[in-house]
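Colleague: Using the working numbering, you'd call the opening residue of the sequence shown number 19 and step up by one each time. Okay, handing you the structure first.
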Amino acid sequence: MAFKHTLAAAFVVFVTIGGAMSAAGAETFRIVGFGDSLMAGFNLGPGEGFTDRLQAALRAKGLDVSVANAGVSGDTSSGGLARLDWSVPDGTRLVILELGANDMLRGVAPAIPEKNLDEMLAKLKARKIAVL
19 MAFKHTLAAA
29 FVVFVTIGGA
39 MSAAGAETFR
49 IVGFGDSLMA
59 GFNLGPGEGF
69 TDRLQAALRA
79 KGLDVSVANA
89 GVSGDTSSGG
99 LARLDWSVPD
109 GTRLVILELG
119 ANDMLRGVAP
129 AIPEKNLDEM
139 LAKLKARKIA
149 VL
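Okay, structure coming up:
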């Protein structure tokens, strides 16, 4: 079942970056998976995490992509906001943003992660980085 979700995500990313790939020419399309333990691949073996499987699926489709894993287990939206600038390197074209579950588990008022996510989206937009 998880593999089907990875393929579905790969399709969404493929459609999202399809047009941008031709504009990028020979340059590798850089994606960063930014989030919590779900992105980090907590309790998964090497090559089994979302970013590894997404990169493999996209490369199998013939795309020149790299998918970096910037997931931190236990991270909240506040932690993500604090580390966003140094976790997403220059040259990144797309960020897959996955945060908020730990905020909910800790009973954080929904307005706080909403504000933090809005700030992250604004920062990435200012850097001209697409976000899923």
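Beta carbons are placed, not taken as given, at the ideal position from N, Cα and C, and that holds for glycine.
Specify whether the segment 118-134 and the segment 72-89 touch according to this definition: at least 3 beta carbon pairs, one from each stretch, less than 8 Å apart.
Modeller: Short answer: they don't touch.
Colleague: Kindly indicate which residue of 127, 47, 111, 139 has the alpha-carbon position closest to the one of residue 99.
Modeller: In the sequence shown, counting from the first residue as 1, residue 99 sits at position 81. The residue from 127, 47, 111, 139 with its alpha-carbon nearest to that of residue 99 is 139.
Colleague: In this structure, how does DSSP classify residue 15 when only helix, strand and coil are distinguished?
Modeller: Because the chain in this structure spans residues 19 to 150, residue 15 falls outside the shown range and cannot be described.
Colleague: Tell me whether residue 21 sits in a helix, a strand or coil according to DSSP, three-state version.
Modeller: As a position in the sequence shown, residue 21 is number 3, starting the count at 1. With a pLDDT of 44 at residue 21, under the threshold of 50, the modelled position of this residue cannot be trusted; read the value that follows with caution. Of the three classes helix, strand and coil, the one that applies to residue 21 here is helix, per DSSP.
Colleague: Taking one C-beta from the segment 102-109 and one from the segment 69-76 each time, how about it: are there three or more such pairs within less than 8 Å?
Modeller: no
Colleague: Give me, in chain order, the residues of the same chain whose beta-carbon lies closer than 7 Å to that of residue 83; leave out the 5 immediate sequence neighbours on both sides.
Modeller: For the purposes of this step, residue 83 is taken as the residue at position 65 of the sequence shown. Around residue 83, the same chain offers 46, 47, 49, 73, 76, 77 as residues with beta carbons nearer than 7 Å, after the five sequence neighbours per side are excluded.
Colleague: So, helix, strand or coil for residue 40, using DSSP?
Modeller: Locating residue 40 in the sequence shown gives position 22, counting from the first residue. At residue 40, the pLDDT of 48 sits below 50, so the modelled position is not reliable and the matter cannot be decided from this model.
Colleague: Give a yes or no on whether the C-beta atoms belonging to residue 116 and residue 53 are separated by under 8 Å.
Modeller: In the sequence shown, the residue the question calls residue 116 occupies position 98. In the sequence shown, the residue the question calls residue 53 occupies position 35. Yes, the pair counts as a contact, with Cβ atoms nearer than the cut-off.
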